[in-house]
Each structure stands twice: as C-alpha cells, then as structure tokens.
Amino acid sequence: MRQSQLFTKTRKDAPKDEVAKNAQLLIRAGYVYKEMAGAYTYLPLGLRVLSKIQGIIREEVNALGGQEMLLTSLQDKKLWERTNRWSDAVVDNWFKTKLANGTDVGLAFTHEEPLTHLLSEYVNSYRDLPFSAYQFQTKFRNEARAKSGIMRGREFLMKDLYSFSKDDAEHKAYYEKAKVAYKNIFERVGLGDRTYMTFALGGSFSKFSHEYQTVTDAGEDLIYIDEKKGIAVNKEALTDEVLAEIGVNRADLVEKKAVEVGNIFSLGTKFSSALELNYKDEKGEMKPVVMGCYGIGLGRIMGTVVEALSDDKGIVWPESIAPFKAHLIVVDSKDGAAARAAADKLYAQLTKAGIETLCDDRDQRPGEKFADSDLMGIPYRIVVSDKTIAAGAHELKHRASGKIEQLSESDLIARLK
RNA sequence: CGGGGCGUGGUGUAACGGCUAACAUGCUUCACUUGGGAUGAAGUGACUCCGGGUUCGAAUCCCGGCGCCCCGACCA
Numbered sequence: 058m059r060q061s062q063l064f065t066k067t068r069k070d071a072p073k074d075e076v077a078k079n080a081q082l083l084i085r086a087g088y089v090y091k092e093m094a095g096a097y098t099y100l101p102l103g104l105r106v107l108s109k110i111q112g113i114i115r116e117e118v119n120a121l122g123g124q125e126m127l128l129t130s131l132q133d134k135k136l137w138e139r140t141n142r143w144s145d146a147v148v149d150n151w152f153k154t155k156l157a158n159g160t161d162v163g164l165a166f167t168h169e170e171p172l173t174h175l176l177s178e179y180v181n182s183y184r185d186l187p188f189s190a191y192q193f194q195t196k197f198r199n200e201a202r203a204k205s206g207i208m209r210g211r212e213f214l215m216k217d218l219y220s221f222s223k224d225d226a227e228h229k230a231y232y233e234k235a236k237v238a239y240k241n242i243f244e245r246v247g248l249g250d251r252t253y254m255t256f257a258l259g260g261s262f263s264k265f266s267h268e269y270q271t272v273t274d275a276g277e278d279l280i281y282i283d284e285k286k287g288i289a290v291n292k293e294a295l296t297d298e299v300l301a302e303i304g305v306n307r308a309d310l311v312e313k314k315a316v317e318v319g320n321i322f323s324l325g326t327k328f329s330s331a332l333e334l335n336y337k338d339e340k341g342e343m344k345p346v347v348m349g350c351y352g353i354g355l356g357r358i359m360g361t362v363v364e365a366l367s368d369d370k371g372i373v374w375p376e377s378i379a380p381f382k383a384h385l386i387v388v389d390s391k392d393g394a395a396a397r398a399a400a401d402k403l404y405a406q407l408t409k410a411g412i413e414t415l416c417d418d419r420d421q422r423p424g425e426k427f428a429d430s431d432l433m434g435i436p437y438r439i440v441v442s443d444k445t446i447a448a449g450a451h452e453l454k455h456r457a458s459g460k461i462e463q464l465s466e467s468d469l470i471a472r473l474k
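Going by this note's numbering, the letters in the first sequence line up with residues 58 to 474, in that order.
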C-alpha cells in the first residue's frame with residue numbers, strides 16, 4: 058500500500074475529550090474514528106489490525122473444532138422470555154426496538170438463546186454431539202457508561218464460541234481444551250507474557266469460571282497473581298476456601314490492575330433445559346445438552362495491546378497483528394529521483410516476496426515521516442535515501458527495540474520474510 | 001443509573017459583559033528546503049452545542065435541553 062493513497066492522515070493532537078491512551082493513539086495514528094461515545098469506526102489501518110486478530114482467533118478456534126457461523130443481530134423476544142432474560146429488570150443493557158408491525162425485537166448482546174434454539178432443531182441424538190459453534194459478531198450493549206476508548210463500547214466485535222456436550226465429563230474435556238486455545242490466542246496476539254488465566258466464581262453450574270486478564274495500568278479490575286504458577290484470582294474469588302481449592306498461598310499473591318480480554322464459563326443445562334435442547338442417548342433416554350460459553354472482545358485486545366505496548370512516541374504493534382510488517386520510507390534529496398526510483402524498486406521486491414509493506418511515498422520532510430512511522434507502530438522501518446544508496450545498503454530499524462541494521466536487498470528480504 | 005467536570009474554525013487553545021471572535025496547527029497556492037513534526041509569502045475555514053431569558057450590549061451571566069469526559073455501580 059502506498060501511503061499517499063491511504064485513508065486517513067495522522068494528527069499531532071488527540072481530541073481533548075479522549076483521555077484513554079488507546080483512543081488517543083489510535084485516533085492520532087488514523088486507526089479509528091469516534092462516531093459517538095462508545096462507538097468507534099475502524100478505518101483501513103484499524104480494520105487490518107482487527108482482521109489479524111480475527112485470523113489468529115479463527116485458527117485457534119477452528120483447531121478446537123469450532124464451526125464458524127453468523128447469527129442474526131435481531132433477536133426474537135419470545136426466545137428470551139423462555140429463559141427470563143428479556144425483561145429490563147433482569148438484563149438492563151438491551152437495545153430494544155419494534156418492527157413496523159409492532160413486534161418487539163432486541164439487538165443481540167449475546168447469543169446463547171438463539172443458538173441453543175437453533176440447535177434444538179438439528180441435534181436429536183448422542184451422535185450429533187459434541188459440537189461447538191462460534192462467530193465474530195457485533196454485540197450491542199446499552200452500557201450506562203461507555204469508557205476507556207475502544208475498550209468498552211456500546212457496540213463491539215466479539216468472538217463468541219458455544220460448546221454442546223453430552224455430559225459433564227465431555228464438557229469438562231472441551232473446557233480444558235478451550236483453556237489451551239485461549240492461552241495460544243493471547244500468546245499469539247502478543248499479550249502472552251502479561252495475560253493470566255484468572256479464577257472467578259462460576260455461578261450455579263460450576264465452581265469456577267475463568268477470566269483472561271491482561272495486566273496494564275489501564276485495567277479496571279484488580280487481580281491477585283501467583284507469578285510462579287502463572288495464574289490469578291479475581292477479587293470475588295479471593296477467599297481462603299478458593300485459594301485452598303486451587304492450591305495457592307495468599308502470601309504468594311501480588312495485586313495488579315488488569316483488563317479482562319476474554320472469559321470462559323460453564324453453562325450447565327440452564328439454556329438447554331429452558332429451550333429444550335435435548336438428545337437421546339444410546340439407551341434411548343432423553344437428556345439435556347451440557348453447554349459452555351467462551352468469549353473474546355477483539356477491539357478490547359487491540360486497545361489492550363496499545364495500552365500495554367506503546368511508548369512515548371506511539372504505538373508498538375506485535376508483528377502478528379500489525380497492519381503492515383514493514384514501513385518503507387523514502388527520504389527525498391534535492392532532485393529526489395534516485396531515492397524514489399530505488400524505493401519503488403524495493404517496494405516491488407518486498408511486495409513480490411509477500412511482505413506486507415506500507416510505502417511512505419508522500420512528499421513530506423523526513424522528520425514528519427519518521428514521527429508518523431513511530432506513531433503508527435509498524436514493526437520494521439526501512440529507509441531509502443541518497444545516503445543508503447551511497448552506502449549500498451538498506452537501513453532497517455526495529456520499532457520495538459530501536460535496533461538498526463544495514464542490510465543488502467536480499468538479506469533484507471530474507472530477514473522480513 | 002448516582003456524583004463531578006467540560007462544550008469556541010477539522011484539531012489544540014485564547015478572548016474584563018463592549019470594536020470585524022484571536023493564536024497555533026491543518027488544508028490550498030507559490031518559493032525555498034530534504035535523516036527527526038523546517039522557513040517565508042498569500043489564501044481558506046466558526047450563526048462560539050441547541051432553545052429560552054437578563055442586558056443598551058452575551059462566547060462570557062441565568063434557566064432548560066443535548067453532547068462529551070472522569071469517579072462510582074455493572075461488563076468482552
């Protein structure tokens with residue numbers, strides 16, 4: 058991609074009403090646009106990052122056996138009345154509206170009901186289980202207070218996975234596999250070293266649920282970490298009984314601020330019973346399906362990465378989710394022609410080699426290009442100028458470490474591949 | 001939802017109740033410049049959030065609304 062063609066531009070100042078670091082940097086660098094409180098548009102750069110995150114999650118969940126589908130956002134009131142979740146007294150963040158004929162509908166804030174109901178038409182036998190399905194979908198939640206930039210909006214893209222098992226043992230096995238998939242996901246998006254599986258209270262169907270909490274000062278939650286064991290407990294679960302159960306000493310715990318980037322929990326037969334999702338076992342006996350639910354907020358991951366990894370110059374993306382791998386910067390000289398030609402040639406080579414490159418071909422002074430590059434946070438910066446041409450080498454700078462190397466074209470391409 | 005704060009060109013700021021609402025930045029044009037957000041010149045861009053009120057006179061004071069941010073309660 059040529060930067061002269063890229064929508065949109067960087068800016069020096071963030072709007073004064075954005076206080077959250079993630080929103081300030083993402084707006085300044087041109088990744089997102091704020092439509093209204095709690096609703097952000099993803100611009101081309103932002104969408105590239107979001108798609109990378111999505112790709113990683115998709116791979117890991119597919120490996121878990123999840124089948125991707127896309128459910129509707131419009132929700133049927135009748136279904137939710139059957140589980141007693143339609144009433145505002147029970148769920149207070151519904152966006153509700155009416156069809157032209159007066160029928161009540163809701164905008165989905167989660168999807169247990171419709172998916173469970175859908176499956177009840179297809180799952181009849183133990184042979185149909187276990188099964189799991191997931192989607193990436195915009196969830197709508199009428200939050201009393203949107204906050205923290207893209208970390209907590211009124212609409213947000215979420216991966217929600219639901220598992221359906223014959224019994225508790227089968228569910229438990231799936232749940233354990235999901236934990237591994239989640240660990241892989243947070244590892245791969247670049248948050249592995251600061252994300253902890255956190256024990257939380259489980260509700261009526263299991264002792265615990267598990268939150269995935271990423272340590273950052275921007276976090277809203279307090280978690281208590283056993284760094285040696287690599288696990289944590291949240292505030293509600295911080296009791297002697299729980300600590301004994303999971304084998305953690307209170308003395309080993311460190312309190313830290315963290316943000317919940319994902320969570321998994323067992324649903325038991327709550328929804329399958331209410332919505333009659335049953336199956337016949339080998340003996341012909343009718344049994345309710347045992348369910349689990351597994352969520353991840355994609356925008357929240359993106360915001361958390363910005364919060365956790367950026368520096369005073371701007372964003373620092375992990376390679377795995379960066380919008381581009383390389384940022385090729387042309388520094389014009391007096392006549393400009395030589396550097397331009399060399400950069401065009403290199404850009405073609407990089408593209409041919411499959412290295413995603415943003416080429417800053419704008420007619421701007423070097424200082425501005427470097428500042429923009431740091432702000433945008435693309436992992437590798439390549440500079441082509443009269444100086445590099447004279448030296449017969451390309452300059453490669455690593456955004457995260459600041460390390461600079463001089464490389465030949467072939468070495469450069471080999472390095473970035 | 002409770003509490004607090006703030007609304008002025010696209011963005012960031014200024015303006016005692018009193019002149020054509022100022023400065024920076026952005027954007028357009030020209031010149032010059034090219035390894036860390038240059039420089040000069042000329043342009044462009046605001047019913048001062050909306051609606052009422054007080055006043056000879058309101059960006060400024062008062063009332064109401066809307067919007068935005070922060071703290072709390074709740075969530076990916």
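Built from N, CA and C at the ideal position, the CB exists for glycine as well.
Given the structure is predicted, the values throughout are model-derived calculations rather than measurements.
Local conformation of Val383 per DSSP, three classes: As a working note, residue 383 is residue 326 in the first sequence. Note that residue 383 is Ala in the sequence shown, not Val. In the structure shown, Ala383 sits in a strand (DSSP, three-state: E or B).
Ser430 beta carbon less than 8 Å from that of Ile386: Stepping through the first sequence from its first residue, residue 386 is reached at position 329. Stepping through the first sequence from its first residue, residue 430 is reached at position 373. Yes, they are a contact pair.
Proximity below 8 Å, CB of Phe381 to CB of Glu413: The residue labelled residue 381 in the question sits at position 324 within the first sequence. The residue labelled residue 413 in the question sits at position 356 within the first sequence. Yes.
Per-residue DSSP class, three states only, for Asn320: Taking the first sequence and counting its residues from 1, the one referred to as residue 320 is at position 263. It is a strand residue.
Buried versus exposed call for Pro101 [16 or more other C-beta atoms within 10 Å across all chains shown]: Here the question's residue 101 lines up with position 44 in the first sequence. So Pro101 counts as exposed.
CA-to-CA distance, Phe328 to Glu169, given in whole angstroms: Locating residue 169 in the first sequence gives position 112, counting from the first residue. Locating residue 328 in the first sequence gives position 271, counting from the first residue. So the two alpha carbons sit approximately 7 Å from each other.
C-alpha distance - Leu464 paired with Ala394, whole-angstrom precision: For the purposes of this step, residue 464 is taken as residue 407 along the first sequence, with counting starting at 1. For the purposes of this step, residue 394 is taken as residue 337 along the first sequence, with counting starting at 1. So the alpha carbons of these two residues sit roughly 22 Å apart.
Helix, strand or coil at Ala257 according to DSSP, with G and I counted as helix: Locating residue 257 in the first sequence gives position 200, where the first residue counts as 1. DSSP places Ala257 in strand when its eight states are reduced to three.
Residue burial classification, Asp217 (beta-carbon count within 10 angstroms, cutoff 16): Residue numbering aside, residue 217 sits at position 160 when the first sequence is read from its first letter. Label assigned to Asp217: buried.
Stretch-stretch touch, CB-based, cutoff 8 Å, three pairs: the stretch 190–200 with the stretch 159–178: yes
Whole-angstrom distance between Ala379 and Ser130, CA atom to CA atom: The sequence position of residue 130 within the first sequence is 73, counting from 1. The sequence position of residue 379 within the first sequence is 322, counting from 1. One C-alpha to the other measures close to 29 Å.
C-beta contact flag for Asp418 and Gln60 at 8 Å: Mapped onto the first sequence, residue 418 falls at position 361. Mapped onto the first sequence, residue 60 falls at position 3. Cβ distance < 8 Å, so Asp418 and Gln60 count as in contact.
Buried/exposed call for Met433, threshold 16 Cβ in 10 Å: Indexing the first sequence from 1 puts residue 433 at position 376. Its Cβ being crowded by 16 or more others within 10 Å, Met433 is buried.
CB-CB length for Ser220 against Gly349, believed under 8 Å: The sequence position of residue 220 within the first sequence is 163, counting from 1. The sequence position of residue 349 within the first sequence is 292, counting from 1. With a Cβ gap of about 4 Å, Ser220 and Gly349 count as contacting.
Option in Ile358, Leu83, Asp133 with minimal Cα separation from Leu248: In the first sequence, the residue the question calls residue 248 occupies position 191. Of the candidates Ile358, Leu83, Asp133, the one whose C-alpha sits nearest the C-alpha of Leu248 is Ile358.
Which of helix, strand or coil DSSP assigns to Met359: Indexing the first sequence from 1 puts residue 359 at position 302. In the structure shown, Met359 sits in a helix (DSSP, three-state: H, G or I).
Nonlocal neighbours in the same chain, by C-beta distance under 8 Å from Ile84, ignoring five residues either side: Within the first sequence, the letter at position 27 stands for residue 84. Cβ neighbours of Ile84 beyond the five flanking positions: Arg68, Ala71, Pro72, Glu75, Tyr90, Lys91.
The ligand NAP heavy atom lying under 7 Å from the CB of Gln132: Of ligands this structure carries none, so the ligand NAP is not represented either.
Lys285 versus Leu300, Leu310, Val272, Phe262, residue with shortest Cα-Cα distance: The sequence position of residue 285 within the first sequence is 228, counting from 1. The shortest Cα separation from Lys285 among Leu300, Leu310, Val272, Phe262 belongs to Leu310.
Length-filtered (3 minimum) beta strand (DSSP E) runs lying within the stretch 361–442: 383–387, 414–417, 437–441
Beta-carbon spacing of Leu214, Leu355 below 8 Å: As a working mapping, residue 214 is identified with position 157 in the first sequence. As a working mapping, residue 355 is identified with position 298 in the first sequence. Yes, these two residues count as a Cβ contact at 8 Å.
First and last residue of the uninterrupted alpha helix (DSSP H) at Val299: Mapped onto the first sequence, residue 299 falls at position 242. Residues 297–303.
Met343 to Ala331 span [Cα, whole Å]: Indexing the first sequence from 1 puts residue 343 at position 286. Indexing the first sequence from 1 puts residue 331 at position 274. Going from the Cα of Met343 to the Cα of Ala331 covers about 15 Å.
Per DSSP, the bridge partner or partners of Lys220: Locating residue 220 in the first sequence gives position 163, counting from the first residue. What sits at residue 220 in the sequence shown is Ser, not Lys. In DSSP, Ser220 forms a bridge with Ser189, Gly349.
Residue range of the beta strand (DSSP E) that includes Lys337: In the first sequence, residue 337 corresponds to position 280, counting from 1. Residues 335–337.
Cα-Cα separation, Ile470 to Asn320: As a first step, residue 470 must be located in the first sequence, where it is residue number 413. As a first step, residue 320 must be located in the first sequence, where it is residue number 263. Rounded to whole angstroms, Ile470 to Asn320 spans 39 Å at the Cα level.
Assigned exposure category for Asn291 - 16 Cβ within 10 Å defines buried: Residue mapping note: residue 291 aligns to position 234 of the first sequence, counting from 1. Asn291 is buried by the Cβ-count criterion.
Continuous alpha helix (DSSP H) stretch holding Val118: start and end: For the purposes of this step, residue 118 is identified with residue 61 of the first sequence, where counting begins at 1. Counting along the chain, the alpha helix (DSSP H) containing Val118 begins and ends at 101–121.
Buried versus exposed call for Gly371 [16 or more other C-beta atoms within 10 Å across all chains shown]: On the first sequence, position 314 is the one that residue 371 refers to. Looking at its Cβ environment, which holds 16 or more other Cβ atoms inside 10 Å, Gly371 is buried.
Residues near His384 in its chain [Cβ-Cβ closer than 6 Å; skip 5 each side]: Along the first sequence, one-based indexing puts residue 384 at 327. Answer for His384: Leu415, Ser430, Ile435, Arg438, listed in chain order.
DSSP state of Asn291 mapped onto helix, strand, coil: The residue given as residue 291 occupies position 234 in the first sequence. In the structure shown, Asn291 sits in a strand (DSSP, three-state: E or B).
Per DSSP, the bridge partner or partners of Phe265: Here residue 265 corresponds to residue number 208 of the first sequence, with the count starting at 1. Leu258, per the DSSP bridge assignment.
Length at least 3, wholly inside the stretch 145–220: the beta strand (DSSP E) runs in chain order: 152–155, 161–164, 188–197
His455, buried or exposed, once every other Cβ within 10 Å from all chains shown has been counted against 16: Walking along the first sequence from the start, residue 455 turns up at place 398. The residue is exposed, with fewer than 16 neighbouring Cβ atoms inside 10 Å.
Cβ distance (whole Å) where Thr271 is taken to contact Val316 below 8 Å: Your numbering for residue 271 matches position 214 in the first sequence. Your numbering for residue 316 matches position 259 in the first sequence. Confirmed, about 5 Å.
Residue interval of the alpha helix (DSSP H) (run including Lys240): Position 183 of the first sequence holds residue 240. Looking at the DSSP string, the run of the alpha helix (DSSP H) that includes Lys240 is 225–245.
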